[in-house]
Amino acid sequence: MRLLVTRPALDAVGLADILAAQGHDVLISPMIEIEL
10 MRLLVTRPAL DAVGLADILA AQGHDVLISP MIEIEL
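Its first residue numbered 10, the sequence shown is counted upward by one per residue in this note's numbering.
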């Protein structure tokens with residue numbers, strides 16, 4: 010299954026790794042940018 014992860018870039022990597030390990034095709038595309 011192809012999945013789009015829209016979390017902020019730093020948070021998305023861990024989730025994408027978990028999903029990829031389960032056999033999913035993951036695309037990371039953050040929809041917001043958090044500035045501190």
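Built from N, CA and C at the ideal position, the CB exists for glycine as well. None of these values were measured; they are calculated from a predicted model.
Same chain only: Cβ atoms within 6 angstroms of residue i, ignoring 5 sequence neighbours per side
{"i": "leucine 36", "result": "Leu13"}
{"i": "isoleucine 27", "result": "none"}
Where the beta strand (DSSP E) through residue i begins and ends
{"i": "leucine 13", "result": "11-14"}
Continuous alpha helix (DSSP H) stretch holding residue i: start and end
{"i": "leucine 24", "result": "18-30"}
Same chain only: Cβ atoms within 8 angstroms of residue i, ignoring 5 sequence neighbours per side
{"i": "histidine 33", "result": "Met10, Arg11 and Leu12"}
{"i": "proline 39", "result": "Thr15, Arg16, Pro17, Ala18 and Ala21"}
Chain-order list of residues whose beta-carbon lies under 7 angstroms from that of residue i (same chain, five-residue window excluded)
{"i": "isoleucine 41", "result": "Pro17"}
Beta-ladder partner(s) of residue i, from DSSP
{"i": "leucine 36", "result": "Leu13"}
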